[in-house]
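Heads up, the thing below is written out as structure tokens.
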Amino acid sequence: MDLQACTEAIRAKVGDNSGLNATLKFDCGSEGVVFVDAVATPNTVSNDNQEAACTISISLENLAALLTGQLNPMNGFMMGKLKVSGDMGVAMRLQTVV
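Mapping of the sequence shown onto full-length UniProt numbering: residues 1 to 98, in sequence order.
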């Protein structure tokens with residue numbers, strides 16, 4: 001799954017009103033970013049590299065696994081496959097979306 005496919009998958013999962021009520025960024029390093037603005041209604045998902053309340057640093061491969069259900073968010077965090085910076089509460093609410 002490439003960055004565009006991950007972006008579309010996140011867009012579908014987030015929908016118009018995810019309930020996150022925050023900004024979130026998946027930072028895949030040199031592969032790019034997926035930015036979720038869940039403050040605005042409808043929620044928007046883009047590849048713009050903007051400041052976010054919570055940033056999740058993750059490889060594109062692990063992001064794809066997360067989106068397809070092959071990687072549990074909590075297990076991924078515990079195994080170091082994803083790192084969270086910023087508002088941890090936003091990351092915890094993300095589990096209901098992905």
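Glycine included, C-beta positions come from ideal geometry on N, C-alpha and C.
Identified DSSP bridge partners for residue i
{"i": "residue 82", "result": "58"}
{"i": "residue 23", "result": "37"}
Alpha-carbon spacing of residue i relative to residue j, whole angstroms
{"i": "residue 93", "j": "residue 60", "result": "21 Å"}
{"i": "residue 82", "j": "residue 89", "result": "15 Å"}
{"i": "residue 24", "j": "residue 32", "result": "14 Å"}
{"i": "residue 9", "j": "residue 63", "result": "10 Å"}
{"i": "residue 57", "j": "residue 28", "result": "6 Å"}
Residue i classed as buried or exposed, judged by whether at least 16 other C-beta atoms fall within 10 angstroms
{"i": "residue 101", "result": "Nothing can be reported for residue 101, as the shown portion of the chain is limited to 1 through 98."}
{"i": "residue 7", "result": "buried"}
{"i": "residue 37", "result": "buried"}
{"i": "residue 111", "result": "With the chain covering 1 to 98 only, the question about residue 111 has no answer from this structure."}
{"i": "residue 39", "result": "exposed"}
Enclosing beta strand (DSSP E) for residue i [first to last residue]
{"i": "residue 44", "result": "44-46"}
Boundaries of the alpha helix (DSSP H) in which residue i is found, first to last residue
{"i": "residue 14", "result": "3-14"}
**OP:** Could you tell me whether the segment 74-81 touches the segment 2-20, where touching means 3 or more Cβ pairs closer than 8 Å?
**Re:** No, the segment 74-81 does not touch the segment 2-20.
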